Amino acid sequence: MPSRSLWSCGGARLVAWTWVWSVALLGARSIPANEVNLLDSRAVMVDLGWVAYPKNGYWEEIGEVDENYAPIHTYQVCRVMEQNQNNWLHTNWILTEGAQRVFIELKFTLRDCNSLPGGVGTCKETFNMYYYETDGGEDEMEEGEMRDGPGMTEEEDRAMKESRYIKIDTIAADESFTELDLGDRVMKLNTEVRDLGPLTRKGFYLAFQDLGACIALVSVRVFYKRCPFFVKSLAEFPDTIPGSEASQLVEVVGHCVNNSLPLYEPPRMHCSTEGEWLVPIGKCVCQPGFEEISGFCQVCSVGFYRSLLESLTCSKCPPHSVARQTGATSCTCEDGYYKIDSDPSNMACTRPPSAPRNAISNVNETSVFLEWSVPTETGGRKDVRYNILCRQVLPEGRGLEECGPNVRFLPRRVGLSNTSVMVADLQSHTNYSFLLEAVNGVSELAREHAKQYVSLNVTTNQAVSVVRKGHTEKSSIALSWAEPDRPNGIILEYEIKYFEKEQDSSYTIIKSKETEMVVEGLKPSSVYIFQVRARTSAGYGAFSRRFEFQTSPYLTATSERAQASIVAVAVTLALVLLAVVAGFLLSGRRCGYSKAKQDPEEEKMHFHNGHIKFPGVRTYIDPLTYEDPNQAVHEFAQEIDVSFISIERIIGAGEFGEVCSGPLRLPGKREIQVAIKTLKAGYTEQQRRDFLWEASIMGQFNHPNIIRLEGVVTKSKPVMIITEYMENGSLDTFLKKNDGQFTVIQLVGMLRGIASGMRYLSDMGYVHRDLAARNILVNSNLVCKVSDFGLSRVLEDDPEAVYTTRGGKIPIRWTAPEAIAYRKFTSASDVWSYGIVMWEVMSYGERPYWEMSNQDVIKAIEESYRLPGPMDCPEALYHLMMDCWQRERSNRPKFDEIVCLLDKLIRNPSSLKKLVNSSHRVSNLLVEHANVQGDCNTLSQTVGEWLDSIKMGRYTELFMEGGYSSLETVAQMTSE
1343 MPSRSLWSCG
1353 GARLVAWTWV
1363 WSVALLGARS
1373 IPANEVNLLD
1383 SRAVMVDLGW
1393 VAYPKNGYWE
1403 EIGEVDENYA
1413 PIHTYQVCRV
1423 MEQNQNNWLH
1433 TNWILTEGAQ
1443 RVFIELKFTL
1453 RDCNSLPGGV
1463 GTCKETFNMY
1473 YYETDGGEDE
1483 MEEGEMRDGP
1493 GMTEEEDRAM
1503 KESRYIKIDT
1513 IAADESFTEL
1523 DLGDRVMKLN
1533 TEVRDLGPLT
1543 RKGFYLAFQD
1553 LGACIALVSV
1563 RVFYKRCPFF
1573 VKSLAEFPDT
1583 IPGSEASQLV
1593 EVVGHCVNNS
1603 LPLYEPPRMH
1613 CSTEGEWLVP
1623 IGKCVCQPGF
1633 EEISGFCQVC
1643 SVGFYRSLLE
1653 SLTCSKCPPH
1663 SVARQTGATS
1673 CTCEDGYYKI
1683 DSDPSNMACT
1693 RPPSAPRNAI
1703 SNVNETSVFL
1713 EWSVPTETGG
1723 RKDVRYNILC
1733 RQVLPEGRGL
1743 EECGPNVRFL
1753 PRRVGLSNTS
1763 VMVADLQSHT
1773 NYSFLLEAVN
1783 GVSELAREHA
1793 KQYVSLNVTT
1803 NQAVSVVRKG
1813 HTEKSSIALS
1823 WAEPDRPNGI
1833 ILEYEIKYFE
1843 KEQDSSYTII
1853 KSKETEMVVE
1863 GLKPSSVYIF
1873 QVRARTSAGY
1883 GAFSRRFEFQ
1893 TSPYLTATSE
1903 RAQASIVAVA
1913 VTLALVLLAV
1923 VAGFLLSGRR
1933 CGYSKAKQDP
1943 EEEKMHFHNG
1953 HIKFPGVRTY
1963 IDPLTYEDPN
1973 QAVHEFAQEI
1983 DVSFISIERI
1993 IGAGEFGEVC
2003 SGPLRLPGKR
2013 EIQVAIKTLK
2023 AGYTEQQRRD
2033 FLWEASIMGQ
2043 FNHPNIIRLE
2053 GVVTKSKPVM
2063 IITEYMENGS
2073 LDTFLKKNDG
2083 QFTVIQLVGM
2093 LRGIASGMRY
2103 LSDMGYVHRD
2113 LAARNILVNS
2123 NLVCKVSDFG
2133 LSRVLEDDPE
2143 AVYTTRGGKI
2153 PIRWTAPEAI
2163 AYRKFTSASD
2173 VWSYGIVMWE
2183 VMSYGERPYW
2193 EMSNQDVIKA
2203 IEESYRLPGP
2213 MDCPEALYHL
2223 MMDCWQRERS
2233 NRPKFDEIVC
2243 LLDKLIRNPS
2253 SLKKLVNSSH
2263 RVSNLLVEHA
2273 NVQGDCNTLS
2283 QTVGEWLDSI
2293 KMGRYTELFM
2303 EGGYSSLETV
2313 AQMTSE
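The opening position of the sequence shown corresponds to residue 1343 in the working numbering, with each subsequent residue numbered one higher.
Written out as structure tokens, the structure is:
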């Protein structure tokens, strides 16, 4: 039998029914694990005791029972027949428990006003919900009643207390019931949920305002959401209350459990306002000596080990090693086998190699070529190296003594990786004994090394005694000499070695079958050193002593008229060359090169610090190959007197000291502005060498897109490196300051300059390894120049940009995958970096891969992810970027191909119109500007501008006088 309650409606009585079986549908339900109830009116067994006012009971608490006869408390009101209703119902104080955002779930029924008899005009079908925050105490209402303020009327007291409340929302029903529903015993229950926050006090009250509606509040539930205790990847995350904002994520650091440790970084997750764990970062893995099985770390068994966090399971001990206890992090080598610290844990224990085999010798005068075969037993290692001990046999059986420091071993005496060595500068007619030793990484740990000896006799020729100078010119010297007195055979040829005085590390050797020779290609007014030696069938003799001769000055009295003729011819040739260059640039011809053949009879070999160099091919020489690093500095960098430099201001800070700027005033030259790197006081000798090492590299380069070294100051303090001054600083900072200010053609021009500089470095055989926009400098003419040739030093102070590997530190975001994985740095890896620089330029200095961690970048690249095209980037440029990011390095373009492609794009600006994606902003393409004329495919309007762009503006007047006043006529020039 249903129970019923009466709702008073003015002077009439309206009967409404609350059906037991309908309420029973609200029976206890399971609460999600991520919800915590602060209030649930259904769970209260006794009266709720909420405060209603006015105090004449308009809101009435009605007790019901469900089908299990459990008490249910509802609040009802129905004052639809009276005007100006303002009936309030207040809950008790609700403690927030630290939650800053809560949710309110209302279940209620509402009577349809149209179904009321007599068409009540004041009836409402909505009610309002409010809240009031308080920390409790004196503000809290006691014993469920509202206290009147002293001297205040009931209306004033009520208005004051209502003003404290803040409105949450007006609540309306999705469905309302009618008289017919009552007859059919149908309950139409509504559910509404509202969120409330941010909350800052310890608790709050809820209030419901009725303005004249028939309402029954069946259930009120207040709860907050939390991220519950959670275990993932061996990491525990505690119960966490979300933040106050709807979109806020709270980062929580997890705790590694069960013998586990963080991998790379502590595990983290983020708690959302919906009580969900999101965005896992990092994880825990079992500590060494344990492996993960079914979510728990289990100890490694005997005979197994685990040493690295990255490995997943315990591994069986490698050959010739054993683990005798559980939980081993490494295995112990068996007797007679060894392992060094740098050996990986999964490598077998090894032993020293046996002796080298089949040693033979080949004598050539005072040189001996030794050759042998690899040992029969290498000890199980691949790092077999060979050492040579040279001993001279003393006369009359007096024993052996070690060879002196004058004997040279090419390439070296110890640590040889190949199975041959050249021993030079031995004494003539002398017996030598050689000891060949094979070693590997564990030889120092063993007691004995295998050795093998080779004994042989050597006889040398006699050296040429005197070299005479004949006729001299400004670029040549005629030489003659006499045969040696006792040549030890028929002389087959002579070798003439010469070099500029005080530059003996770089010399040239030419050959002659006669006893005279004209040496050409020398510098005017320069002093040269000459030495001559003879070769017979027995080999070469020793070089003669040094002879010093000087070339003639630039001009002599007899050659002044010839000089004037040469100047005229030179000007004519320059114009012809200029015409050919112009035709080439304007024709859009593909890049290429030709290699002239050299007459073998006139072949010259150039030696630079022990490196063979051929004429016309300039190669990079690593300063580390010099025994004395100071020699490399003074060979490649000009020493500048400190009095020629004035420091005016500090423009930055470098690794070794301050970076300044000021004028450089060299005698006989115009004053120029330079950048000055200084070495701070208190440096060590190693720091001084590291500081000057970059100058030793930079001084070898001479290209308009490579930062120019002016010189060094090493003979006074502070030690300085002087370079050209670049007004606009680093490219990445410059682009950020001028975001969106350049045309696409200007950006492509910058990229072309960078590619040109890298092509030069590639041709020199130099690999940059740290090509990035931060290492490109920009001058006032927007010319970009490659700089920063000190990768290994600079990165040590930049942990955000690097990823540590066994071999050192590398800039992950700019580095090719093979260089990250195997440290294979080549020009192809520089091409990958160049693609990243292109992306930086087209995005105006944006950080590659944004806020991704280094580990995430490595993983993304391995999974074939590539950076998307920057906004408003031409499609042709993005295709070039993607070519630079080919996984196979052999598929990437060469720098000369990149330069050619960029030249083609510059000559055809229309090819840059198609964009990868567009921001729909005002176009900044140069192709929309009106400075492209005719079919010349060039960006300049006048001949003068074109000549200025190729650094030949001084010839503008000559072009005008010759009738070449437009680019069309220039394009028609011929060699005639």
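Just so you know, even glycine gets a beta-carbon here, dropped at the ideal spot from N, CA and C.
Here the structure is a predicted model, which is why all the values come from computation and not from measurement.
Excluding residues up to 5 positions away in sequence, Ala1577, Gly1596, Gly1624, Lys1625 and Cys1626 lie with their Cβ nearer than 6 Å to the Cβ of proline 1609 in the same chain. Residue range 1772 to 1781 is occupied by the beta strand (DSSP E) that includes serine 1775, with no alpha helix (DSSP H) assigned at that position.
Boundaries cannot be given for tryptophan 1392, as no beta strand (DSSP E) includes it and DSSP labels it neither H nor E. Apart from the 5 residues on each side of it in sequence, tyrosine 2102 sits with its Cβ closer than 8 Å to the Cβ of Phe2043, His2045, Asn2047 and Ile2048 in its chain, given in chain order. Excluding its 5 nearest sequence neighbours in each direction, glycine 2099 has C-beta neighbours in its own chain below 7 Å: His2045, Asn2047, Ile2048, Lys2127 and Val2128, listed in chain order. Straight through space, the alpha carbons of glutamate 2013 and methionine 2213 are spaced by roughly 43 Å. Inclusion of phenylalanine 1546 and isoleucine 1436 in the CB contact set at 9 Å is warranted, their separation being smaller than that value.
In the assembly as shown, tryptophan 2192 is an exposed residue. Its beta-carbon has fewer than 16 other beta-carbons within 10 Å. Nearest neighbour of leucine 1553 by Cα position, chosen from Asn2117, Ile2154 and Lys1466, turns out to be Lys1466.
Distance between aspartate 1382 and leucine 1538, taken at the CA atoms: about 16 Å. The Cβ neighbour count for isoleucine 1832, taken over all protein chains shown within 10 Å, is under 16; the residue is labelled exposed.
Across the structure, lysine 1544 and leucine 1380 are spaced so that their CA atoms are roughly 12 Å apart. When the Cα atoms are used, glycine 2004 and isoleucine 2018 turn out to be separated by approximately 8 Å. Between the alpha carbons of threonine 1718 and leucine 2219 lies a distance of about 56 Å.
Between the region 1716 to 1730 and the region 1761 to 1778 there are three or more inter-stretch CB-CB distances shorter than 8 Å, so the stretches are counted as touching.
With at least 16 other beta carbons inside 10 angstroms of its own, valine 1784 counts as buried. Closest in alpha carbon position to alanine 1820, among Glu1890, Gln1845 and Leu1778, is Glu1890. In the structure shown, cysteine 1455 falls within a helical segment according to DSSP collapsed to helix, strand and coil. Lysine 1466 carries a strand assignment under DSSP once its states are collapsed to helix, strand and coil. Beta-bridge partners assigned by DSSP to lysine 1625: Leu1605.
Taking every protein chain shown into account, the CB of alanine 1665 has 16 or more other CB atoms within 10 angstroms, so this residue is buried. When only Cα atoms are considered, arginine 1754 and threonine 1761 end up about 12 Å apart.
Comparing C-alpha distances from alanine 2158 to each of Glu2188, Leu2124 and Ala2114 shows the shortest one belongs to Ala2114. Membership of leucine 2244 in the alpha helix (DSSP H) is indicated by the continuous run 2237 to 2249.
Setting aside the 5 residues that flank it on each side, lysine 1681 is surrounded in the same chain by Cys1675 and Cys1691, each with a C-beta closer than 6 Å to its C-beta; the list follows chain order. The region 1851 to 1891 is shown to contain whole beta strand (DSSP E) runs of 3 or more residues at 1858 to 1862 and 1869 to 1878, in chain order. Boundaries of the alpha helix (DSSP H) harbouring valine 1975: 1971 to 1978, taken from the DSSP string.
Taken atom to atom, the span from the alpha-carbon of glutamine 1629 to that of alanine 1670 is near 11 Å. Within the DSSP bridge table, the entry for phenylalanine 1711 names Asn1704 and Met1764 as partners. A contact between stretches requires three or more CB pairs, one per stretch, nearer than 8 Å, and the region 1441 to 1448 meets this requirement with the region 1571 to 1587. Every unbroken stretch of the alpha helix (DSSP H) spanning 4 or more residues and falling wholly within the region 2027 to 2087 is given here in chain order: 2027 to 2040 and 2073 to 2079.
A Cβ-Cβ distance of about 25 Å is found for the pair leucine 1605 and serine 1614, leaving them out of contact under the 8 Å criterion.
With a threshold of 16 other beta carbon atoms within 10 Å, aspartate 1389 falls short and is exposed.
Per DSSP, reduced to three states, the secondary structure at glutamine 2197 is helical. Going by DSSP, serine 1822 is part of no alpha helix (DSSP H) but of the beta strand (DSSP E) stretching over 1818 to 1823. With fewer than 16 other Cβ atoms inside 10 Å of its own Cβ, isoleucine 1702 counts as exposed.
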